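Enquirer: Handing you a structure now.
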Amino acid sequence: MTVTLFTVFFFLLVIGAPIVFAIGAGTALSLMIGGIPMTILPQKVFSGLAHFPYLAVPLFVLAGMLMETGGISKRIVDLSNAMVGHIRGGMGMVVMVATIFFSDISGSSAADTAAIGSVMIPPMKKRGYNPSFAAALVTSAGGMGVLIPPCLTMVVFGSLTNTSVGALFLAGFVPGIGMGLLLMLLTYIIARKKNFPMEKRATFKELLIAAKRSFLSLFMGVIILGGIILGIFTATEAAAVAVIYGFFLSVIFYREIKLSQIPQILWKSAVISGVVMLVVGISYAFGWVIAKEQIPMKLANFMINLPGGKLVFLLAVNILLLVMGMFFDASLSVVILVPILFPVAVKLGIHPVHFGTVVVMNLGIGFTTPPFGLSLFIASSIAKVPISSVIKPIVPYILTMIAFLLVVTYVPWFAMVLPKIFMGY
Amino acid sequence: MNLLDGISRRLNQSIKFLAGFLIAAMTILVFLQVIFRYLLDAPLDWSEEMASFAFVWMALLGASVGLKNDDHPRLDIFYQVFPDWAKKLCGLIINLAILFMLVVLFIFGLKLTITMQMQRTAALGYSISYVYAVLPLSAIIMFIHVLVKTVLLISYSKAEEIESP
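Sequences listed follow chains A and B, in order. Using this note's numbering, the first residue of the first sequence is number 742, and each one after it goes up by one. Using this note's numbering, the first residue of the second sequence is number 685, and each one after it goes up by one.
Okay, structure coming up:
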C-alpha cells in the first residue's frame, strides 16, 4: 500500500502533476489496492478542513489582499523604507521584520507567507528585486515565523504532551528573533554581493511623516497582536477583525479601493485559499494511510535503538522531522510523530519545552524546503514564478536555518531562557 | 466539445462569485461572533459552526477555480526540459490520474453525503449532508474542467499551444 502510494506520488510529481493531485491520486489508488473503504478519502479531506483554526488562512489572505490593493501595504513599506531602506537589501530586511510582526498575528506559517507575500512581493518587484529572490525571502521568513507566538503547532504539541502552551510560546521567542536576525544578516551579505537597490537615507522629518501616514495601517497589527496577547480573541477572530478594519481603512478612509473591485478581491482570495486548503485536506487522507501502515512507529523503534543516546537521538529527530516537514502540514506531522517521539525524548532527559521548540523549528524549516514546502508554494504562486526558480536563491537561507536549528538543538539555553525567567522552568 | 467548454467556463464564472460570497460570509460571521461576545455580551453559539461550513465550501469551490486557472502548484523542473511528445504524454497521464482521483472523490463523497443524511449539526441542527455535499459537487465541477483540458490536449498538435496540464 505504502509502496503504491509513494511510487504513484513521486512518479506524478516528477512528470509535473499539480502536487495536490499527485498526493490525491496516490492516496486513492493505495486505498483501492489495500482494499480499504475508499470513503476514507472524502472523509479525511472533510474532517481535515473542518478545523476552526484553519479559517484564519483565508481571512489573512483576504486581509493581505485588502492591504495590498488598498494602499495599506504601501504605507507600511514606505515607513519601513524610511527606516531601513538605506541599507543594502533594505526591503529584504523589511520582509523579515514584517513577518515577525505578522507571525505575532497569525499562528500559521501558510497564513504568514500568504499575508506577507501578497503585501511585500509586488512592491519588491517594483523596486527591482528578482521575483524568485523575493519569493525565497518570503518563504524563509515564513519558516522563521512559526517560532514566533502564537503558533498553532505549539498549541497542538502542548495539548498532546501536557506541556504548558504558555511556556512553549515563551520558548519560541528567542530562537525566532535569533533566526530573524541571522536571516537579515544573510540578506545583507547577499545584497552587498549582488548590489541590490538601496534608497537614500530619510531625514528625521521624513521618517515622522511616514510614521504618521502609516499609523492607522500599523494600528491594524496592534489591534490583532494586542487582542491575541490579552486573550480578547483567537487568531481566527483576529483575522476577521483585521479584514473588517482593513476594509474600512482602504475603502472608506483611504478611498483606494472602489466598491466595484470588491468582488474580484473576494474571489481571488477564495481561490488562493482554496488552493492551499485542498493541499491541507488531501494531506490528511495521505497522512491517514501513512499512519495506518505504522510507518512513524517503525521509525521510532529504529531511533530508540540507535547508539549515542541523547545527541544522536536529537540529530535523528531533526533529520526525520525535516523530511516529514517537507511533505506534510506541520500540525499533521505533530499529530502523527509527537506521540511516538515524545516519550523517547523524555526518557533520554530532554526537557519537554526544549523538545517542543526543536520540533516546531524543524517543521518551520520543512515549510520552506522543496519538493513540498507549503510556504515555498504559496510564495512562488504569489510572485508568479515557477518553484524551480526559487530553489537556487533559497538554498543559503535553508542552510542558515538548519545551522541555527542545530545550535538551538544542542544549546538548550535559547529555548529555555525566557520560560526560566518568567515561569521558573 | 464546444458545449462542454462553454459549460466549464460558465460554471467557473458562477463558482468564482459563489466562493467570493462565501469568504465574505465567513468574515462577517466570525466578526459578529466577536461583536456579540464583547459588545453585546450575548455570545453566539452558532456562528463558529456556520463559518466553518462556509469555509469548507469556499475552500473546495475555490480549489476548483484554481484548477481551471492552473493555479495549483507543481514541480516543473523536469517537465520543462521534456520534448513536446513527452509533455503531451505526461499531460495525458496526469489528467487521467486527476480524473481517477476526482471520480473517487465524487462517488465516495456522494456516498458519504447520503450516509450522513440523518446526522444533525451540533449548534444549528440541520442535516450535515448540506456540508458534505460540497465534496461530490466540487469533484464533478473539477471533473468537467479536467475533461475539457484533456480534450484540448489531444486536439492540439503542439505542446506549446496547450495550457499546462
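We treat Cβ as the ideally placed atom computed from N, Cα and C, and that holds for glycine. Treat the numbers as computed from the prediction; the structure is a model and nothing was measured.
Residues in the same chain with beta-carbon distance under 6 Å from residue 794(B), minus the five sequence neighbours each way, listed in chain order, please.
Expert: Within the same chain, residue 794(B) has close Cβ partners 820.
Enquirer: DSSP three-state call for residue 942(A): helix, strand or coil?
Expert: Residue 942(A): coil per DSSP, three-state reduction.
Enquirer: Pairs of beta-carbons, one from the region 818-830 of chain A and one from the region 948-963 of chain A, closer than 8 Å: are there three or more?
Expert: A contact exists between the region 818-830 of chain A and the region 948-963 of chain A.
Enquirer: Out of 810(A), 744(A), 899(A), which one is the CA nearest neighbour of residue 1189(A)?
Expert: With chain A running from 742 to 1166 in the structure shown, residue 1189(A) is simply not present.
Enquirer: If you follow the alpha helix (DSSP H) that residue 1103(A) is part of, which residue opens it and which one closes it?
Expert: 1093-1109 is the extent of the alpha helix (DSSP H) around residue 1103(A).
Enquirer: DSSP on residue 758(B), reduced to helix/strand/coil?
Expert: Residue 758(B) falls in the strand class under three-state DSSP.
Enquirer: For the region 751-828 of chain A, list the alpha helix (DSSP H) runs that are entirely contained and at least 4 residues long, ordered along the chain.
Expert: Here the runs fully enclosed are 760-774, 781-790, 797-810, 813-825.
Enquirer: Could you name the residues of the same chain whose beta carbon sits closer than 8 Å to that of residue 847(B), not counting the 5 residues immediately before and after it, in chain order?
Expert: In this predicted model, residue 847(B) has a pLDDT of only 49, less than 50, meaning its place in the structure is not dependable enough to derive any value.
Enquirer: With a cut-off of 8 Å, does the C-beta of residue 844(B) fall near any C-beta of chain A?
Expert: With a pLDDT of 49 at residue 844(B), under the threshold of 50, the predicted position of this residue should be treated as unreliable, though the coordinate-derived value follows. Chain A contact via Cβ: absent.
Enquirer: What does the Cβ neighbour count give for residue 933(A), buried or exposed, with the cut at 16 atoms within 10 Å?
Expert: It is exposed - the Cβ of residue 933(A) has fewer than 16 other Cβ atoms within 10 Å.
Enquirer: State yes or no: is the beta carbon of residue 856(A) nearer than 8 Å to at least one beta carbon in chain B?
Expert: So no, residue 856(A) is outside the interface.
Enquirer: Would you say residue 847(B) faces chain A, with C-beta separation under 8 Å as the test?
Expert: Any reading at residue 847(B) is ruled out, since the residue's pLDDT is 49, under 50, leaving its predicted position unreliable.
Enquirer: In whole angstroms, what is the alpha-carbon distance linking residue 872(A) and residue 819(A)?
Expert: When rounded, the distance between both Cα atoms is 19 Å.
Enquirer: Taking the straight line between their C-alpha atoms, what separation do you get for residue 797(B) and residue 770(A)?
Expert: One C-alpha to the other measures close to 21 Å.
Enquirer: May I ask you to report which of helix, strand or coil DSSP gives residue 905(A)?
Expert: In this structure, residue 905(A) counts as coil in the three-state DSSP scheme.
Enquirer: DSSP three-state label for residue 804(B), please.
Expert: In the structure shown, residue 804(B) sits in a strand (DSSP, three-state: E or B).
Enquirer: Between the region 774-788 of chain A and the region 711-730 of chain B, are three or more C-beta pairs nearer than 8 Å?
Expert: The region 774-788 of chain A is not in contact with the region 711-730 of chain B.
Enquirer: From residue 1138(A) to residue 750(B), what distance separates their C-alpha atoms?
Expert: In a straight line, the C-alpha of residue 1138(A) is about 29 Å away from that of residue 750(B).
Enquirer: For residue 849(B), which residues of its own chain have a beta-carbon under 7 Å away from its beta-carbon, when the five flanking residues on both sides are left out?
Expert: Summary for residue 849(B): the model assigns pLDDT 45, below 50, so the residue's position carries little reliability, and this model does not support an answer.
Enquirer: Report buried or exposed for residue 717(B), applying the criterion of at least 16 other Cβ atoms within 10 angstroms of its Cβ.
Expert: That one is buried.
Enquirer: Here's the rule I'm using: 16 or more other beta-carbon atoms within 10 Å means buried, otherwise exposed. How should residue 767(B) be labelled?
Expert: Burial call: exposed.
Enquirer: If the cut-off is 9 Å on Cβ atoms, which residues from the region 772-786 of chain A count as contacting chain B, listed in chain order?
Expert: Within the region 772-786 of chain A, the qualifying residues are 772, 773, 778, 779, 780, 781, 782, 783, 784, 786.
Enquirer: Under 8 Å, do residue 713(B) and residue 731(B) count as touching if we go by C-beta distance?
Expert: Contact: yes.
Enquirer: Residue 1098(A) and residue 1064(A) look like a contact to me (Cβ under 8 Å); what is the Cβ gap, rounded to whole Å?
Expert: Actually they do not touch by this definition, with Cβ atoms about 19 Å apart.
Enquirer: Residue 869(A) CB to nearest chain B CB: under 8 Å?
Expert: No, its Cβ sits nowhere closer than 8 Å to a Cβ of chain B.
Enquirer: CB residue 731(A) to CB residue 772(A), shorter than 8 Å?
Expert: Absent from the structure is residue 731(A), since the part of chain A shown begins at 742 and ends at 1166.
Enquirer: Short of 8 Å in beta carbon distance, which residues of its chain neighbour residue 733(B), apart from the five on each side in sequence? Order them along the chain.
Expert: Cβ neighbours of residue 733(B) beyond the five flanking positions: 805, 806, 807, 808.
Enquirer: Along chain A, in chain order, which residues have C-beta atoms closer than 9 Å to that of residue 753(B)?
Expert: Within chain A, the residues near residue 753(B) are 1012.
Enquirer: What residue does the alpha helix (DSSP H) around residue 696(B) start on, and which one ends it?
Expert: Start and end: 686-722.
Enquirer: Assuming residue 1157(A) contacts residue 766(A) (C-beta within less than 8 Å), just tell me the rounded distance between them.
Expert: So it is not a contact: roughly 45 Å between Cβ atoms.
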